[in-house]
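In the working numbering, the protein residues as written are 10 to 241.
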């Protein structure tokens, strides 16, 4: 299993090294199968897909871009022949509706070792319980009111990790939302990533790459425990 979850919110904020690592993993799978390095790219806007396709082409990979949303649900054919997957977008609820028909297939492929890169919505949706947005819990504000939805909304995600995840921790103050959700028992814990940080899940272990930090939130006897994991 090779999963990378970026703290950035779109392709413009993701570091080239992060995408290069995905391509390297996908290329090894392609070589083993004597095939092409083909990356399935699932996004909520054409511009996002174009940006990722350009970056992937520069790294020697072929991108197969599919724009998804409530009126454009993804089909399994979008993943056909892929040796890696990128899911990205800025509207997490829209992306979730778009990929819902293939979330089980995405989970199966990741479990079989196919590399996955989640950016923005693709990061959020990697969780078993995905954070779709919101700034309040039970009417109490837990982060600055920057989301369209007032109450925090959780929904079933792809299930690649068993804790909640959020991005732009230092930039948008999202760590406090994960703290509140964990303390309320809505999540079993979580990781908040600075925009430049990348959570890497491989062989059952967690590491942080890129710049900035990841902030891990765990339940404790009296509230929660928060610790930082610096990027290496």
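Cβ coordinates follow ideal geometry from the N, Cα and C atoms, glycine included.
Predicted model only: the values in this text are computed from it and were never measured.
In this structure, does DSSP put residue 32 in helix, strand or coil? In the displayed model, residue 32 falls within a helix according to three-state DSSP.
Along the chain, where does the beta strand (DSSP E) that runs through residue 235 open and close? Counted as a single uninterrupted DSSP element, the beta strand (DSSP E) harbouring residue 235 occupies residues 232–239.
Residue from 114, 204, 221 and 78 with nearest C-alpha to residue 243: Residue 243 falls outside the range modelled here, since the chain spans only 10 to 241, and no answer is possible.
Suppose you measure from the CA of residue 224 to the CA of residue 136; what does that come to, to the nearest Å? 16 Å
Can you find the residues in the same chain that come closer than 7 Å, C-beta to C-beta, to residue 240, ignoring five residues on each side of it along the sequence? 206, 217, 218, 219, 220, 221 and 222
Residue 119 versus residue 144: straight-line alpha-carbon distance, rounded: Using only the alpha carbons, I get a separation of about 31 Å.
How would you write the range of the beta strand (DSSP E) that residue 23 sits in, first residue to last? No beta strand (DSSP E) holds residue 23; DSSP gives it neither H nor E.
From residue 68 to residue 26, what distance separates their C-alpha atoms? 10 Å
With distance defined between alpha-carbon atoms, name the residue in 166, 37, 165 and 142 nearest to residue 159. 142
Selection from 132, 214 and 148 that minimises the alpha carbon distance to residue 204: Among 132, 214 and 148, the Cα nearest to that of residue 204 is on 132.
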